[in-house]
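Scroll down for the structure; my scribbles are underneath it.
Numbering (full-length UniProt numbering), first residue to last: 1 to 125.
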């Protein structure tokens, strides 16, 4: 919460992320088949989007640093998106990764292919 309250940019980024996650949820992931209600947090996030707090002028900055909630060894990526992709790929054996038919992210397949090539090279050495 401290990071979100540091600047208008951080606040807007966090609200936009929350709304994007709700949109993904509403597409069918994480909810029962045929359920038409929105996720409970969506109304709250929409309210937060429409009722921004008043930030001091000096704190109106762009998003500078995203605090990553993961082990330090995975924080080496160039940006937060790549860091979280690395994190989820590292959890592939302990977390159930599922996507709708035909919607496996390109980055997932690319990481699987890279791992396969790495293993083949290791066998040949």
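Where is the CB? At the ideal position from N, CA and C, for every residue including glycine.
Beta-carbon to beta-carbon, residue 99 and residue 85 are separated by about 14 angstroms, too far to satisfy the 8 angstroms threshold. Annotation for residue 89: the continuous alpha helix (DSSP H) segment containing it runs 80-90. Distances from the alpha-carbon of residue 23 to those of 2, 7, 41 and 115 put 41 closest.
Residue 68 is positioned such that its CB atom lies no closer than 8 angstroms to that of residue 76. Residue environment analysis places residue 10 among the buried positions, since at least 16 neighbouring C-beta atoms fall within 10 angstroms of its C-beta.
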